[in-house]
Amino acid sequence: MKTRQIVSSLALAAAVALGATGCGLVAPQGTLEPYAPSDGIDVNLEGVDVRNLMLIADQSGDNFNVVFAGVNKGDAPVLLRLTFVDESGSSKASADFLLEPGLTSFGNPEGDIAPTLVSIAGLKAGATVMTYIEAAGGGEQQRAVPVLDGTLAEYQDYVLSPAQLAVEDAEADAENDATGAASGSAAAAAGDAQGDEEAAQ
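Take the sequence shown: its letter number 38 is residue 42 in this note's numbering, and every next letter is one higher.
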């Protein structure tokens, strides 16, 4: 009788142990699943990875800083286009980003690249916005991108103030003027060369 009780106890212990470990054998372990380490999303395209993509509202709540890191695995620059569309599909905004080979960060006011802002009617912090992520030659994916504000301390530096927006606009205007002046100079030089050629004839 005692022998039977010992065997029964061993069988019960084995069953309990198997039940306790069975979940680990069948169910996927969360630590093995890929995930974005912050509140943004990750997207993998052909030759390009987008890391921790999110929108962060400015102080007015009407404009949104596009924040992410782009990884270009190739040897040549790649154009990345993000198109944000509201729930009704009536309002959308697109932004283009040039990804140099390697890692490039976007949205940091203190970074080397000026932040890019988009405006989508009715969009508020705490929501998500449907986004089409497209890389030249790398295909396209559609994902819901979170919209945040400065409630969390780690994002406060990405919330642009009116003064920062004015500086960004001034820098953009100066860059456009420089580009226009360079184009005008090139056209004028081409015209002068053509005139000299006609005079020589």
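Backbone N, C-alpha and C define an ideal beta-carbon position, used for all residues, glycine too.
task = Determine the DSSP secondary structure at Glu50, reduced to helix, strand or coil.
result = Coil, per DSSP.
message = Can you check which of these residues, Lys128, Thr132, Asp116, Glu138, is closest to Ala99 by C-alpha distance?
response = Nearest of Lys128, Thr132, Asp116, Glu138 to Ala99, Cα basis: Glu138.
ask   = So Asp100 is in the beta strand (DSSP E); what residue range does that whole segment cover?
value = The continuous beta strand (DSSP E) containing Asp100 extends over residues 96 to 103.
Whether Gly44 touches Asp90 by CB criterion (8 Å) = No, Cβ-Cβ distance for Gly44 and Asp90 is not below 8 Å.
key: Local conformation of Pro166 per DSSP, three classes   = In the three-state reduction of the DSSP assignment, Pro166 falls in the helix class, which pools H, G and I.
Residue environment, Tyr39, which counts as buried when at least 16 other CB atoms sit within 10 Å = Here the model assigns Tyr39 a pLDDT of 45, short of 50, so the residue's position is not dependable, and the following value carries that caveat. Label assigned to Tyr39: exposed.
task = Would you kindly report the start and end of the unbroken beta strand (DSSP E) that includes Gln145?
result = For Gln145, the enclosing beta strand (DSSP E) starts and ends at 143 to 152.
message = Once DSSP output is grouped into helix, strand and coil, what is the label at Gln33?
response = Caution applies to Gln33, whose pLDDT of 48 falls short of 50 and renders its modelled position unreliable; the value that the coordinates give is listed next. Shown here, Gln33 sits in coil according to DSSP, grouped into three states, outside any helix or strand.
ask   = Which residue's Cα is closest to the Cα of Gln63: Tyr136, Leu121, Arg55, Arg147?
value = Out of Tyr136, Leu121, Arg55, Arg147, the CA that lies nearest to the CA of Gln63 is found in Leu121.
key: Assigned secondary structure, Ala157 (DSSP; H/G/I helix, E/B strand, else coil)   = Note: Ala157 maps to helix in three-state DSSP.
query = Is Tyr39 helix, strand or coil by DSSP?
reply = Caution applies to Tyr39, whose pLDDT of 45 falls short of 50 and renders its modelled position unreliable; the model cannot decide the point.
inquiry  = Between which residues of its own chain and Arg55 is the CB-CB distance below 8 Å, once the five residues before and five after are set aside?
reply    = For Arg55, where only same-chain residues beyond five positions count, the Cβ hits under 8 Å are Ala40, Gly44, Asp46, Phe72, Ala73, Gly74, Val75.
query = Whose C-alpha, out of Ser123, Leu49, Gly51, Asn112, is nearest the C-alpha of Phe88?
reply = Nearest to Phe88 by alpha-carbon distance, out of Ser123, Leu49, Gly51, Asn112, is Ser123.
query = Closest by CA to Gly111, which one among Tyr162, Ala167, Lys128?
reply = It is Tyr162 whose Cα lies nearest to the Cα of Gly111.
message = In the DSSP assignment, the beta strand (DSSP E) including Ser92 goes from what residue to what residue?
response = Segment: none, Ser92 is in no beta strand (DSSP E) and carries neither H nor E.
inquiry  = By the three-class DSSP mapping on this structure, what secondary structure does Ile60 have?
reply    = In the structure shown, the three-state DSSP call for Ile60 is strand.
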